[in-house]
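This report concerns only the one structure given below.
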Amino acid sequence: MSRLTPENELLASEIISRYPRPKSALIPLLHLAQEQDGYVADDAMEHLAELVGITPAEVLGTCSFYEMFKREPVGRYLLNICTNIACQLTGGEELLHEAEKVLGVRPGGTTADGMITLEDVECIAACTEGPCLQVNYRYEYRVDPAGLRKLVDDLRSGARTDIPHHGTLQRVRQHIPADRLGGIEAPEVAGTPAWFTARQAPPSEQKAGS
Amino acid sequence: MTATDNPQTTTGVPFTLNGKAVEARKDELLIDAADRHGVHIPRFCYHPRMNPVGMCRMCLVDVDMGRGPGLQPACMMPVTPDIKVDTESEATKSAQDGVLEFLLINHPLDCPVCDKGGECPLQDNTLSFGPGESRFVEEKRHYEKPIPISPLVDLDRERCILCDRCTRFAKEVAGDPLIHFIGRGAQTQVNTFPDHPFSSYFSGNTVQICPVGALLAQPYRFKARPWDLETVESTSAVDTTGARVLVQSSRNQLTRILGLDSDAVNWGWLSDKDRFAYQVTESENRVTEPMLRRGGDDLTPSRWSDATKTAARALRGDPARVAVLGGARLNIEGQYAWAKLMKGVIGTDHVDCQLSDGLPAPMALGLPRATINQVCAPGGVVVLLGPDPKEELPTLYLRLRHAIVEDGVSLIELTPRPTSLSDLAAARLHCVPGTVGQVAAALAPGVSNESADAQPADQMTAARALLDGSRPVTVVLGRANLAESARYTADAVGALQRLVPGVTFLPALRRGNVLGGLEMGLTAGFLPGGVRRAGANFPAWPFVPDFDGKDADGIMRAAANGEIDTIVLLGADPMEDYPDAALAKAALERVSTLIAVDAFVTSSAAEADVILPAALFGESDGSFLNLEGRLSPMLAKVTPPGQAKADWMVAVELATALGIDLGFVTLAELRAELSSMATTFASVDWNRLASADDGPVLPLKRQWVLEFGDAATPPAPSSYGLRLVVDHKLWDQGTMAQESPSLAGLAPPALLHLNPADVEALGLSEGTPAIIDRDGATLEAPWVADPSVVPRTARMAIRLPGFDVRSLLTVGRSVTNILIRAAGGTH
Numbered sequence: 012m013s014r015l016t017p018e019n020e021l022l023a024s025e026i027i028s029r030y031p032r033p034k035s036a037l038i039p040l041l042h043l044a045q046e047q048d049g050y051v052a053d054d055a056m057e058h059l060a061e062l063v064g065i066t067p068a069e070v071l072g073t074c075s076f077y078e079m080f081k082r083e084p085v086g087r088y089l090l091n092i093c094t095n096i097a098c099q100l101t102g103g104e105e106l107l108h109e110a111e112k113v114l115g116v117r118p119g120g121t122t123a124d125g126m127i128t129l130e131d132v133e134c135i136a137a138c139t140e141g142p143c144l145q146v147n148y149r150y151e152y153r154v155d156p157a158g159l160r161k162l163v164d165d166l167r168s169g170a171r172t173d174i175p176h177h178g179t180l181q182r183v184r185q186h187i188p189a190d191r192l193g194g195i196e197a198p199e200v201a202g203t204p205a206w207f208t209a210r211q212a213p214p215s216e217q218k219a220g221s
Numbered sequence: 002m003t004a005t006d007n008p009q010t011t012t013g014v015p016f017t018l019n020g021k022a023v024e025a026r027k028d029e030l031l032i033d034a035a036d037r038h039g040v041h042i043p044r045f046c047y048h049p050r051m052n053p054v055g056m057c058r059m060c061l062v063d064v065d066m067g068r069g070p071g072l073q074p075a076c077m078m079p080v081t082p083d084i085k086v087d088t089e090s091e092a093t094k095s096a097q098d099g100v101l102e103f104l105l106i107n108h109p110l111d112c113p114v115c116d117k118g119g120e121c122p123l124q125d126n127t128l129s130f131g132p133g134e135s136r137f138v139e140e141k142r143h144y145e146k147p148i149p150i151s152p153l154v155d156l157d158r159e160r161c162i163l164c165d166r167c168t169r170f171a172k173e174v175a176g177d178p179l180i181h182f183i184g185r186g187a188q189t190q191v192n193t194f195p196d197h198p199f200s201s202y203f204s205g206n207t208v209q210i211c212p213v214g215a216l217l218a219q220p221y222r223f224k225a226r227p228w229d230l231e232t233v234e235s236t237s238a239v240d241t242t243g244a245r246v247l248v249q250s251s252r253n254q255l256t257r258i259l260g261l262d263s264d265a266v267n268w269g270w271l272s273d274k275d276r277f278a279y280q281v282t283e284s285e286n287r288v289t290e291p292m293l294r295r296g297g298d299d300l301t302p303s304r305w306s307d308a309t310k311t312a313a314r315a316l317r318g319d320p321a322r323v324a325v326l327g328g329a330r331l332n333i334e335g336q337y338a339w340a341k342l343m344k345g346v347i348g349t350d351h352v353d354c355q356l357s358d359g360l361p362a363p364m365a366l367g368l369p370r371a372t373i374n375q376v377c378a379p380g381g382v383v384v385l386l387g388p389d390p391k392e393e394l395p396t397l398y399l400r401l402r403h404a405i406v407e408d409g410v411s412l413i414e415l416t417p418r419p420t421s422l423s424d425l426a427a428a429r430l431h432c433v434p435g436t437v438g439q440v441a442a443a444l445a446p447g448v449s450n451e452s453a454d455a456q457p458a459d460q461m462t463a464a465r466a467l468l469d470g471s472r473p474v475t476v477v478l479g480r481a482n483l484a485e486s487a488r489y490t491a492d493a494v495g496a497l498q499r500l501v502p503g504v505t506f507l508p509a510l511r512r513g514n515v516l517g518g519l520e521m522g523l524t525a526g527f528l529p530g531g532v533r534r535a536g537a538n539f540p541a542w543p544f545v546p547d548f549d550g551k552d553a554d555g556i557m558r559a560a561a562n563g564e565i566d567t568i569v570l571l572g573a574d575p576m577e578d579y580p581d582a583a584l585a586k587a588a589l590e591r592v593s594t595l596i597a598v599d600a601f602v603t604s605s606a607a608e609a610d611v612i613l614p615a616a617l618f619g620e621s622d623g624s625f626l627n628l629e630g631r632l633s634p635m636l637a638k639v640t641p642p643g644q645a646k647a648d649w650m651v652a653v654e655l656a657t658a659l660g661i662d663l664g665f666v667t668l669a670e671l672r673a674e675l676s677s678m679a680t681t682f683a684s685v686d687w688n689r690l691a692s693a694d695d696g697p698v699l700p701l702k703r704q705w706v707l708e709f710g711d712a713a714t715p716p717a718p719s720s721y722g723l724r725l726v727v728d729h730k731l732w733d734q735g736t737m738a739q740e741s742p743s744l745a746g747l748a749p750p751a752l753l754h755l756n757p758a759d760v761e762a763l764g765l766s767e768g769t770p771a772i773i774d775r776d777g778a779t780l781e782a783p784w785v786a787d788p789s790v791v792p793r794t795a796r797m798a799i800r801l802p803g804f805d806v807r808s809l810l811t812v813g814r815s816v817t818n819i820l821i822r823a824a825g826g827t828h
């Protein structure tokens, strides 16, 4: 859809300044773009490429590696229903069918009002609480069909204020003033890292290297 | 492996390979060491010219490092002492079988319609190491087949085995990471960003190194089967780098050019122009028979005898009224034959194989010469005193880029604009036209920065530190700006020679075999072998010119003034290619006879009275002298079309029509005479030229004392004016690109590049073209604000579609000052 807004561009330059190399800021910047538009738009990727000095193809390479960066528009809420074994045994597939019926879309589809995108997912690591699902990666446990209908109604009516729109990573942003940053240097400039202690190689390796 | 590896100076690493005790070089990868000892380990992703990544796992072999055998990728493993390697163990075979079975799961079995079929590493490895039958009965993965990822390259993603060769090439070697792995897992594919095609100048290399048929060259697609192709080793004549190539033909048609891995020159890489410009030979517009203008009428086909008779008549007059332009397209033999015909028989010295776009002949011939390997040797310092190598000498650019990125070479830019190497340069001195000599002189220790025309102090300091004599220095020398006299470049050369004793030069000229032309005497004042005309003794020649001739500029002026009657164009097209368009037109229209030896009716040949059809690249045997002075074979693979002849034969025909025996009727006789006349060629073994690895580097160490004055002061810029920088793009409207169907559309539209600060100062507004005014001559041009343009300069490329910048250029000007205003403005 769009490039970063001027406010987000400012934010982007602050994010970039926290890394020894602009390119290292790519993933936080992709989150920023997804937060802005709800998905990572092509124009946004081109913009990020300009900001960090790589080609759009390289941005796309990184972006497309991660399932949670969406490159097509999704609804305000992304509904991930688990159909993996534990949830399947406790009714996950039925839940998915119910969701298809309620929303009128197949997995991968978005409702006509642009509110909800339905997805079936593999295990989301809440097996003791099956069948479970996520709304914008926020868990809902032991959901039954009635609970699902209520969830959808609540989402549509805006009652679920605890769940921000898709793409929002955090609602409280931590700002570190530039003058307090300090200490970030490119690896070739920086000295030995603090966590690195010189360790004598074992005798067998010393022999091989000599 | 780098070009500087020397087996004698490396200490061996002993290890056991399939039971035999052998030695690897220090830090050598197991796969390379095995190759050298005659053991082939199958591989897909490993390429000796790129960093290993261990993507494909095909090279897994059993390695025992003292803790029992285990499978290790041979391409990722430097040989360590006393390891035991077994490339034929059961575990190795099982791993190879398994890897291939996995690779073939999604690989379509469409080999019968695949370009790669017959020369495909996946086919070959499957046959040698893979399972005999497939156990896979499920549906294979499908993608749209094939998609164009650039104007020249198609991608068939179904066939891709994700070896990372093309993407690594694009990022590491070419520096154009426009293709990348997209997606993950089973859905991973190589692709471009939407609407950002893989428009690299080097895209064709990915087709050559693709180990399957996933990347396809559009010009070659479905044209031939590999087993039908006949091959010769030859040399690309696209630019003076002289990239070594394999020329392949099928049914007497050139069908493909591949890069030849030559340690000394191009490392197997080619630019797309090297690779695809062979299409020019198949153009429908080729001149295939002599053309003659009979009494003011149109050019009509004629017989060779009539055409040569007419040409001979025009050449018989006063030699001082005959001139020759061009000759960079010719091979060495053609150049010698023409030099002998024009200088030794006709007796004129008005000869120039450069069209005012190169370097003065004494500079190109007489400066101590470096080789590409010397320039790129690890730890050196390279001064770029020339054009953007990516645009003008792309294969050299790849070598330079590698040297800087991988081998610790430091680059100092002394250029009128940032180049494609600027991001990698250690010092960037971008000089407003006319100041490069001053800036170079100011690099001497103890000279104040003030004389360096406002170059940034940090860049000057960095450059001085690099030139302090502690590291070897070479200069890549060329013509960076056609709108600036070459004398400023000469000043800079003089300054660098004073500053760094023993500095050597790589003359990075652009046009094909132009350095061969200079060496063969196709330039005023010189005879073959770089011998000065005055006082030369050439016994095999009937004659030696008794006057020093004019260069291209002089010839053009003289012709326009009516002092020249006959001009011979050896593949030159001054109407389109000479920097001063008006002068070229006046000159060619004024002469009474114009003789063109060409393969096309170019704008200039259309004015000719006689056109003699010439053979092109791949159609005649000969040799090529590259910018290092390396003599390499340039061989015929197909026959010239119609009645076209090799250039040296045209010279012989013409001599015959003049009633003179040129002294040779075979290539062998010509070469024997050439070797006896040109001392630099005395030791050349012509019969072994084709079998020698990359051809011998001729002893061109002339060490002429070239007198350069102190830095000439350029005229002061007017307060409103900008200095013009005119250079070349790789894709332009040159004949070679235009007559190659796949390359014709690649030239970008002409655009005036201005620094944003100047745009603001000039009051130009977006969308309104600029009017460029040079002393009343005006040109309307679209413009773009480009922060890479040096302030107070304006940059344009020559020979692009849109507008012709040559209308602003006048020969003889030291620099070109222009005024710019918005179109429709009143001031």
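Residue numbers (the numbering used here), protein chains in the order written: chain A, 12 to 221; chain B, 2 to 828.
Using N, Cα and C, we set each Cβ at its ideal position, and we do this for glycine too.
Note that the structure is a prediction, hence the values are computed from the model and not measured.
*9 angstroms Cβ cut-off: residues of chain B touching glutamate 133 of chain A*: Listed by position along chain B, the residues whose Cβ is nearer than 9 angstroms to that of glutamate 133 of chain A form an empty set, because the closest Cβ is around 12 angstroms away.
*Could you please give me the residues that DSSP links to serine 235 of chain B through a beta bridge?*
B/Val246
*Measure from the C-beta of threonine 193 of chain B to each C-beta in chain A and report whether the shortest distance is under 7 angstroms.*
Under the 7 angstroms criterion on CB atoms, threonine 193 of chain B is classed as interfacial with respect to chain A.
*Roughly how many angstroms separate the alpha carbons of glycine 169 of chain A and phenylalanine 182 of chain B, rounded to a whole number?*
40 angstroms
*With 16 other CB atoms within 10 Å as the buried threshold, where does isoleucine 96 of chain A fall?*
exposed
*Bridge partners of phenylalanine 182 of chain B, per DSSP?*
Note: phenylalanine 182 of chain B sits in a beta bridge opposite B/Val191.
_Validate contact between the region 495-502 of chain B and the region 520-528 of chain B using beta carbons, cut 8 angstroms, 3 pairs_ = No: fewer than three Cβ pairs fall under 8 angstroms.
*Sorted by chain position, which residues of the same chain lie with C-beta nearer than 6 angstroms to threonine 232 of chain B's C-beta, five sequence neighbours on each side aside?*
Excluding residues up to 5 positions away in sequence, Leu247, Gln249 lie with their Cβ nearer than 6 angstroms to the Cβ of threonine 232 of chain B in the same chain.
_Cβ shell of leucine 61 of chain B (< 8 angstroms), same chain only, five flanking positions each side left out_ = Leu72, Gln73, Pro74, Ala75, Thr93, Ala96, Gln97, Val100
*For chain B, find out if any of its Cβ atoms is closer than 7 angstroms to the Cβ of phenylalanine 80 of chain A; answer yes or no.*
Taking a beta-carbon distance threshold of 7 angstroms, phenylalanine 80 of chain A does not count as an interface residue toward chain B.
*What does a CB cutoff of less than 8 angstroms around aspartate 307 of chain B pick up in its chain, not counting 5 residues either side in sequence?*
Pro291, Leu293, listed in sequence order.
*Kindly list the residues whose CB is nearer than 8 angstroms to the CB of glycine 722 of chain B, restricted to its own chain and excluding five residues on each side of it in sequence; keep chain order.*
Asn818, Ile819, Leu820
*Do cysteine 164 of chain B and proline 132 of chain B come within 7 angstroms of each other at the CB atom, strictly closer than that value?*
no
*Using Cβ-Cβ distances below 7 angstroms, what residues of the region 170-197 of chain B are close to chain A?*
Pro178, Leu179, Ile180, His181, Phe182, Ile183, Gly184, Arg185, Thr193, Phe194, Pro195, His197
*Check serine 829 of chain B in the structure and name its three-state DSSP category.*
As shown, chain B starts at 2 and ends at 828. That puts residue 829 of chain B outside it, with no answer to give.
*Just mark methionine 343 of chain B as buried or exposed, buried being the case when its beta carbon has 16 or more other beta carbons within 10 Å.*
buried
*What whole-angstrom Cβ distance do leucine 385 of chain B and leucine 425 of chain B have, given they're in contact under 8 angstroms?*
Leucine 385 of chain B to leucine 425 of chain B, Cβ: 11 angstroms. No contact.
_Assuming the contact rule is C-beta atoms closer than 8 angstroms, valine 812 of chain B and serine 357 of chain B should be a hit. Round their C-beta distance to whole Å, please._
Correct: roughly 6 angstroms between the Cβ atoms.
*By the criterion of Cβ-Cβ separation under 7 angstroms, what are the contact partners of glutamate 69 of chain A in chain B?*
Pro178, His181
_Exposure label - histidine 108 of chain B; buried when at least 16 CB within 10 Å_ = buried
*Taking any Cβ of chain B, which residues in the region 149-175 of chain A have a Cβ under 9 angstroms from it, in chain order?*
none
*Could you work out which residue in B/Asn332, B/Ala484, B/Asp759, B/Cys377 is closest to glutamate 407 of chain B when comparing CA atoms only?*
B/Cys377
_Under the three-state DSSP convention, the category aspartate 728 of chain B falls into_ = strand
_What does the alpha-carbon distance come out to for the pair glutamate 69 of chain A and methionine 79 of chain A?_
Each residue's Cα considered, the two are about 17 angstroms apart.
*asked:* Tell me the rounded alpha-carbon separation between methionine 737 of chain B and alanine 278 of chain B.
replied: 6 angstroms
*serine 303 of chain B to asparagine 482 of chain B span [Cα, whole Å]*: 42 angstroms
*Is histidine 143 of chain B buried or exposed, if buried means 16 or more other CB atoms sit within 10 Å of its CB?*
exposed
*asked:* Output needed for arginine 465 of chain B: all residues of its chain with C-beta closer than 7 angstroms, excluding positions within five of it in sequence on either side, in chain order.
replied: Leu444, Pro446
*isoleucine 27 of chain A, DSSP secondary structure in three states*: DSSP places isoleucine 27 of chain A in helix when its eight states are reduced to three.
*asked:* Just to confirm the assignment, what range does the beta strand (DSSP E) spanning valine 806 of chain B have?
replied: Element bounds for valine 806 of chain B: n/a, residue is neither H nor E.
*List the residues of chain B whose Cβ lies closer than 7 angstroms to the Cβ of aspartate 11 of chain A, in chain order.*
The shown model of chain A, from 12 to 221, leaves out residue 11 of chain A, and the question about it has no answer.
*Use the C-beta contact count for threonine 349 of chain B: other C-beta atoms within 10 angstroms, 16 or more gives buried, fewer gives exposed.*
buried
*How about threonine 66 of chain A: is its C-beta nearer than 7 angstroms to some C-beta of chain B?*
yes
*Between A/Arg29, A/Ala23, A/Pro175, A/Leu106, which lies nearest to glutamate 148 of chain A when the distance is taken from Cα to Cα?*
Checking the displayed sequence, the identity of residue 148 of chain A turns out to be tyrosine instead of glutamate. It is A/Pro175.
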